[in-house]
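Enquirer: Quick note on the numbering used here: the sequence shown kicks off at 4 and runs consecutively.
The beta carbon of each residue, even a glycine, is placed where N, CA and C say it ideally should be.
What you are looking at is a predicted structure, and each value in this text was computed from that prediction instead of being measured.
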Amino acid sequence: GTTGPPKGVMHTHYSLMANALQTYYWTRGWWRYHRPYPAGWPYVVSAIPFFHSYGLTVALHEPLLAGATLILVPKPKAEEIIKTIQRYRATHLPATPRMIREIVNHPRVEDYDLGSLILSVTGGAPLEWETAERFMKLTGARLHHGYGLTEAGPVTHCTPVDREPKPGSVGFPLPDTEFRIVDLETGRYDVPSGKPGELLVRGPQVMRGYWRRPEETRRALRDGWLYTGDVAILDEDGWLHILGRRGERIVSEGHALWPGEVEALLRSHPGVEEAAVVGVADPMRCAMDVQALIVPKAGYGGRELVSSLLSLCREHLEAYKVPSRILIVEELPKTPRRKNDRRGVRRLLEASPGFEGGEGEGPYGEENR
Numbered sequence: 004g005t006t007g008p009p010k011g012v013m014h015t016h017y018s019l020m021a022n023a024l025q026t027y028y029w030t031r032g033w034w035r036y037h038r039p040y041p042a043g044w045p046y047v048v049s050a051i052p053f054f055h056s057y058g059l060t061v062a063l064h065e066p067l068l069a070g071a072t073l074i075l076v077p078k079p080k081a082e083e084i085i086k087t088i089q090r091y092r093a094t095h096l097p098a099t100p101r102m103i104r105e106i107v108n109h110p111r112v113e114d115y116d117l118g119s120l121i122l123s124v125t126g127g128a129p130l131e132w133e134t135a136e137r138f139m140k141l142t143g144a145r146l147h148h149g150y151g152l153t154e155a156g157p158v159t160h161c162t163p164v165d166r167e168p169k170p171g172s173v174g175f176p177l178p179d180t181e182f183r184i185v186d187l188e189t190g191r192y193d194v195p196s197g198k199p200g201e202l203l204v205r206g207p208q209v210m211r212g213y214w215r216r217p218e219e220t221r222r223a224l225r226d227g228w229l230y231t232g233d234v235a236i237l238d239e240d241g242w243l244h245i246l247g248r249r250g251e252r253i254v255s256e257g258h259a260l261w262p263g264e265v266e267a268l269l270r271s272h273p274g275v276e277e278a279a280v281v282g283v284a285d286p287m288r289c290a291m292d293v294q295a296l297i298v299p300k301a302g303y304g305g306r307e308l309v310s311s312l313l314s315l316c317r318e319h320l321e322a323y324k325v326p327s328r329i330l331i332v333e334e335l336p337k338t339p340r341r342k343n344d345r346r347g348v349r350r351l352l353e354a355s356p357g358f359e360g361g362e363g364e365g366p367y368g369e370e371n372r
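1. My guess is that Leu19 and Gly227 are in contact by the Cβ rule of under 8 Å, so how many angstroms apart are they, rounded?
2. Excluding the 5 residues preceding and the 5 following Arg92 in the sequence, name in chain order all residues of the same chain whose CB lies nearer than 7 Å to its CB.
3. Can you tell me whether Glu369 is buried or exposed, with buried defined as 16 or more other CB within 10 angstroms of its CB?
4. To the nearest angstrom, report how far apart Thr60 and Asn22 are at their CA atoms.
5. Helix or strand or just coil, what does DSSP make of Ala155?
6. Just to confirm, is the Cβ distance from Thr125 to Val107 under 8 Å?
7. Going by DSSP, what residues sit across from Tyr46 in a beta bridge?
8. Looking at the strands, I want to know which residues DSSP matches up with Asn343.
9. Rounded to the nearest angstrom, how far is the Cβ of Ala235 from that of Pro273, given a contact under 8 Å?
10. With a threshold of 7 Å on Cβ separation, who are the neighbours of Glu362 within its own chain once the five nearest residues in sequence on each side are excluded?
11. Just to confirm the assignment: which complete beta strand (DSSP E) runs, minimum length 3, are found wholly within the segment 278 to 334?
12. Can you give the Cα-Cα distance for Cys316 and Ile297, rounded to whole angstroms?
13. Put Phe54 into one of helix, strand or coil per three-state DSSP.
14. Does the distance from the CB of Leu224 to the CB of Glu277 come in under 8 Å?
15. Would you call Gly247 buried or exposed, if buried means 16 or more other Cβ atoms sit within 10 Å of its Cβ?
16. Would Arg222 be called buried (16 or more neighbouring beta carbons within 10 Å of its own) or exposed?
17. Decide if Ala301 is buried, meaning its Cβ has at least 16 other Cβ atoms within 10 Å, or exposed.
18. Would you be able to state if there are at least three C-beta pairs under 8 Å between the segment 249 to 259 and the segment 169 to 182?
19. Taking contact to mean at least 3 C-beta pairs separated by less than 8 Å, is the segment 87 to 105 in contact with the segment 61 to 78?
20. Using the C-alpha atoms, what's the distance from Arg145 back to Ile121?
21. Using DSSP with H/G/I as helix, E/B as strand and the rest coil, what is Gly171?
22. In this structure, how does DSSP classify Tyr27 when only helix, strand and coil are distinguished?
23. Compare the C-alpha of Gly143 against each of Ser311, Gly206, Leu117 and Gly304 and name the closest.
24. From Leu67 to Arg215, what distance separates their C-alpha atoms?
25. Checking the sheet assignment: what are the DSSP bridge partners for Arg248?
26. Going by DSSP, what residues sit across from Arg205 in a beta bridge?
27. Looking at the unbroken alpha helix (DSSP H) that takes in Ile121, where does it start and where does it end?
28. Taking all protein chains shown into account, do 16 or more other C-beta atoms lie within 10 angstroms of the C-beta of Thr99, making it buried, or fewer, making it exposed?
29. Comparing alpha-carbon positions, which option in Ser271, Val283 and Gly190 lies nearest Leu352?
30. In three-state terms, what does DSSP make of Arg101?
31. Taking only the alpha-carbon atoms, compute the straight-line gap between Ile84 and Glu307 and give it to the nearest angstrom.
32. Which residues bound the beta strand (DSSP E) around Ala259?
33. In whole angstroms, give me the CA-to-CA distance for Val281 and Ala354.
34. Is it buried or exposed for Pro77, if we count other Cβ within 10 angstroms and need 16 for buried?
35. Within the 8 Å Cβ cut-off, does Leu313 reach chain C?
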């Protein structure tokens, strides 16, 4: 896990097949799109590992239900993916946000013909809207964002394919999926639209429980609902927005915030490849600091990049959300599923001495490369 130890999740054939059918019907049986298929039927680039629940459902089970041709990409680097799309005139690309970023930032991506692509969907982590727009302009495909977790099959929500995606939203629940947003204190009372709370889901795709962890199973499955541990809000139009994990919540200057908002802003900077934000305890002030690790793009780094990022944050964020320290590193700590390992990020920040040369600028540049 990104904030705790990994757990085995028990699924049945029924729950896995239910989720494949839910995603299949959500996409209108794969046959109703804004453009026809070049070959007459879908060609799917299956570049997400099948040992990942997301890849198993959207890159294997769902396309098999559609009678699609699957193109396996054992080494899913950006160049291999775009070559595969061009060679096979692929129509569908289930992807992760990291894949989308690597594709749009590939130095020769415009040399390839990606015009056959009709639809792509991402999940597993947030994707900044600027990158999504670049991908859609580059390919002509619609890019939709879904939400889920291994405990729920994994997909529970997705932006609808018959309308434009809404920036920052994961859309609506899949067929036969119910959800609630409850207060963070007791987990019992529904909260109104616009107020953050814990997301609960219920449906045929939900797990049986955790393998040999009865206590954790009882905490997660209560009265028929799966307590996801994710904090979400429902906007005025009924679209769902995920703020982050309960365990990722940072209390800074008496205010609660989630790292996703700050990370998205940092990633929007042209010099940032990846970003991770955590809360780091400051024992001298008995408080929590917002701190960040970033991986720069080629040609960026040092004091200039850090100062630019801090200015960007001060311009767009409330003061309590602005990182007190930004550290430049060559790579971020990752979990086996390539998500940010927040415990590893925090350990790295806690082990790195503070920078004495400027307010809130932390270590940076060649000192840390």
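Expert: Judging by the given coordinates:
1. On the sequence shown, residue 19 is found 16 positions in, with the first residue counted as 1. On the sequence shown, residue 227 is found 224 positions in, with the first residue counted as 1. At roughly 20 Å, the Cβ-Cβ gap does not stay under 8 Å, so Leu19 and Gly227 are not in contact.
2. Taking the sequence shown and counting its residues from 1, the one referred to as residue 92 is at position 89. Once the five neighbours on either side are set aside, the close Cβ partners of Arg92 are Pro41, Ala42, Tyr46 and Ser119.
3. As a first step, residue 369 must be located in the sequence shown, where it is residue number 366. Residue confidence is low: Glu369 scores 32 on pLDDT, short of 50, so the model does not pin down where it sits. No coordinate-derived value is stated.
4. Position 57 of the sequence shown, counted from the start, is the residue given in the question as residue 60. Position 19 of the sequence shown, counted from the start, is the residue given in the question as residue 22. Taking the straight line from one Cα to the other gives about 7 Å.
5. Start at 1 with the first residue of the sequence shown, and residue 155 comes out as number 152. Correct three-state label for Ala155: helix.
6. Stepping through the sequence shown from its first residue, residue 125 is reached at position 122. Stepping through the sequence shown from its first residue, residue 107 is reached at position 104. In this structure, Val107 does not lie closer than 8 Å to Thr125 by Cβ.
7. Within the sequence shown, numbered from 1, the residue matching residue 46 stands at position 43. Looking at the DSSP assignment, Tyr46 forms a beta bridge with Thr72.
8. Counted from its first residue, the sequence shown places residue 343 at position 340. Answer is Lys337, bridged to Asn343.
9. Taking the sequence shown and counting its residues from 1, one reaches residue 235 at position 232. Taking the sequence shown and counting its residues from 1, one reaches residue 273 at position 270. About 30 Å; that fails the 8 Å criterion.
10. Numbered from its first residue, the sequence shown carries residue 362 at position 359. Reliability fails at Glu362, whose pLDDT of 36 lies under 50, so the model's placement of it is uncertain and no value is given.
11. 290 to 299 and 328 to 331
12. As a working note, residue 316 is residue 313 in the sequence shown. As a working note, residue 297 is residue 294 in the sequence shown. Roughly 14 Å between the two C-alpha positions.
13. By 1-based counting over the sequence shown, the position of residue 54 is 51. Three-state DSSP puts Phe54 in coil, outside helix and strand.
14. Indexing the sequence shown from 1 puts residue 224 at position 221. Indexing the sequence shown from 1 puts residue 277 at position 274. No.
15. Here the question's residue 247 lines up with position 244 in the sequence shown. Classification for Gly247: buried.
16. On the sequence shown, residue 222 is found 219 positions in, with the first residue counted as 1. When all chains shown are included, Arg222 counts as exposed.
17. Translated into the one-based positions of the sequence shown, residue 301 becomes position 298. Label assigned to Ala301: exposed.
18. no
19. yes
20. If you number the sequence shown from 1, residue 121 lands on position 118. If you number the sequence shown from 1, residue 145 lands on position 142. Distance between the alpha carbons of Ile121 and Arg145 is about 6 Å.
21. As a working mapping, residue 171 is identified with position 168 in the sequence shown. Looking at Gly171 - three-state DSSP - the assignment turns out to be coil, as it is neither helix nor strand.
22. Taking the sequence shown and counting its residues from 1, one reaches residue 27 at position 24. Three-state result, Tyr27: helix.
23. The count along the sequence shown starts at 1 and reaches residue 143 at position 140. Ranking the options by Cα distance to Gly143, first place goes to Leu117.
24. Locating residue 67 in the sequence shown gives position 64, where the first residue counts as 1. Locating residue 215 in the sequence shown gives position 212, where the first residue counts as 1. Each residue's Cα considered, the two are about 32 Å apart.
25. Taking the first residue of the sequence shown as position 1, residue 248 is located at position 245. Partner(s): Asp233.
26. Translated into the one-based positions of the sequence shown, residue 205 becomes position 202. In DSSP, Arg205 forms a bridge with Glu181.
27. The count along the sequence shown starts at 1 and reaches residue 121 at position 118. Careful: Ile121 lies outside any alpha helix (DSSP H) and carries neither H nor E.
28. Here residue 99 refers to the residue found at position 96 of the sequence shown. So Thr99 ends up on the buried side.
29. Within the sequence shown, the letter at position 349 stands for residue 352. For the residues Ser271, Val283 and Gly190, the minimum Cα distance to Leu352 belongs to Val283.
30. By one-based count along the sequence shown, residue 101 stands at place 98. Correct three-state label for Arg101: helix.
31. Sequence index remark: in the sequence shown, residue 84 carries index 81 (1-based). Sequence index remark: in the sequence shown, residue 307 carries index 304 (1-based). Between Ile84 and Glu307, the C-alpha separation is close to 34 Å.
32. Residue 259 sits at position 256 when you count from the first residue of the sequence shown. Taken as a continuous stretch (DSSP letters only), the beta strand (DSSP E) holding Ala259 covers His258 to Leu260.
33. Position 278 of the sequence shown holds residue 281. Position 351 of the sequence shown holds residue 354. Using only the alpha carbons, I get a separation of about 14 Å.
34. Position 74 of the sequence shown, counted from the start, is the residue given in the question as residue 77. Burial call: exposed.
35. No chain C is present in this structure, which holds just one protein chain.
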